[in-house]
Structure formats: C-alpha cells, structure tokens
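What follows is one structure encoded as structure tokens, with my remarks underneath.
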Amino acid sequence: RITAHFMYYPSPQSLPEFKTCDQFSSLHFNQMKAAIAIQLPRHAPTAFGLMLTADVQRLRRRDPRILNECVDSKELRNASSRKIDEISRVPLKIYVPSSSSVLLYSSNPCFTVSQLLSEIDASSMIPIVHGIHISEETPLWWLMLHASYTDLFVHIVLRDAGEDDTF
Numbered sequence: 001r002i003t004a005h006f007m008y009y010p011s012p013q014s015l016p017e018f019k020t021c022d023q024f025s026s027l028h029f030n031q032m033k034a035a036i037a038i039q040l041p042r043h044a045p046t047a048f049g050l051m052l053t054a055d056v057q058r059l060r061r062r063d064p065r066i067l068n069e070c071v072d073s074k075e076l077r078n079a080s081s082r083k084i085d086e087i088s089r090v091p092l093k094i095y096v097p098s099s100s101s102v103l104l105y106s107s108n109p110c111f112t113v114s115q116l117l118s119e120i121d122a123s124s125m126i127p128i129v130h131g132i133h134i135s136e137e138t139p140l141w142w143l144m145l146h147a148s149y150t151d152l153f154v155h156i157v158l159r160d161a162g163e164d165d166t167f
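Mapping to UniProt numbering: the sequence shown position 141 is 141, numbers consecutive.
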C-alpha cells in the first residue's frame, strides 16, 4: 500500500492507494499527476514536497527506482543526467503584469536570461522567478532543472524597471 501526502496543506491530501509497485509506477501515474496539478498551490516550489509514508520508504530501500520512475520520468527531471544538447527547447510561461498577458514560449536551453529577453524584445524588463530577481546571466537550462513547476514550464515574470516592488 502506497499513500502520498502533500505538506503544503493544513490537512494532508491523500492520493489513491496503490496495491503494487507496478500500479504506482504505471497505472495510476496520470491520476497522480492530475492530483498534484490540482492540489498544489501556485507558489509551491518545484520540489513539490511530496512526503512519503513508511511503506514507500521501505519499498524504495528495496528498489530505489520505484519512485524515481514516477516522479523523475519527465525530460526536465532527467536532464541533469543527460547532455544539455539533447534537450532541444526550454518551455517557458512569461508573465507581463503591466499588460496582463502571458506568453507561452520555448527557447534554446543554452541561452541566458538576457539572450531570452533580447529575443522577445524585453531587454528593459526585470526577470523574476519564484518571487526572486534573477541574474540575467542565468542559463535557461539551469532554470529548467531547478526552477520549473510541476507543469514542466519555467514561469518568468517580467516587470518594468521603474515599477513598484510590492506585489
């Protein structure tokens, strides 16, 4: 029996129970992804705080691939063990609060944030990821590995340089 709980809620929200490891790794994976997408608050970090019960910890000690096959199977989660040139594009959601618009975009993983900004003609904007002003020299592949959300996009907010810092 495998039960997963989310630590970002006052009362733990449970996912369906799984009878075998195979069910956990294949049959209910889409259901688990849907539950994660629905239950996670928008401000939750990429490492979404999935707490595992003792049952999973025991299973994982026997076979560490059990959880990794589920949570780490996506390209963005495996990218650290692959060559960067094998990752063709970085999926981005770029928010511009001053114009109330969202841009769905994909860019070269070898680009830096400043190259991305010049590519989308937003060089005068300040990039913010997870509420933090980021360096324009940050490579997009690094953001993809460390700052992508569970929807696998890197979310970047672009603010005008003269705009008030309060949200």
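Using N, Cα and C, we set each Cβ at its ideal position, and we do this for glycine too.
Is the beta carbon of residue i less than 7 Å from the beta carbon of residue j?
i       : j       : result
Ser-99  : Asp-160 : no
Tyr-95  : Val-154 : no
Pro-109 : Trp-141 : yes
Ser-107 : Leu-117 : no
Ile-134 : Pro-127 : yes
Around the C-beta of residue i, are 16 or more other C-beta atoms found within 10 angstroms, so that it is buried, or is it exposed?
i       : result
Val-102 : exposed
Leu-104 : exposed
Ala-123 : A small fix is needed here, since residue 123 is Ser in this sequence, not Ala. So Ser-123 counts as exposed.
Ser-148 : buried
Ser-81  : Note on Ser-81: pLDDT 45, under 50, position unreliable in the model; the coordinate value appears next. Per the 10 Å Cβ criterion, exposed.
Compute the beta-carbon to beta-carbon distance between residue i and residue j, rounded to the nearest angstrom, for a pair I have assumed lies under 8 Å.
i       : j       : result
Thr-112 : Thr-138 : 6 Å
Leu-143 : Val-129 : 6 Å
Uninterrupted alpha helix (DSSP H) stretches inside the UniProt domain "Autophagy protein ATG5 UblB" (89-158) (no shorter than 4 residues): 113-119, 140-146
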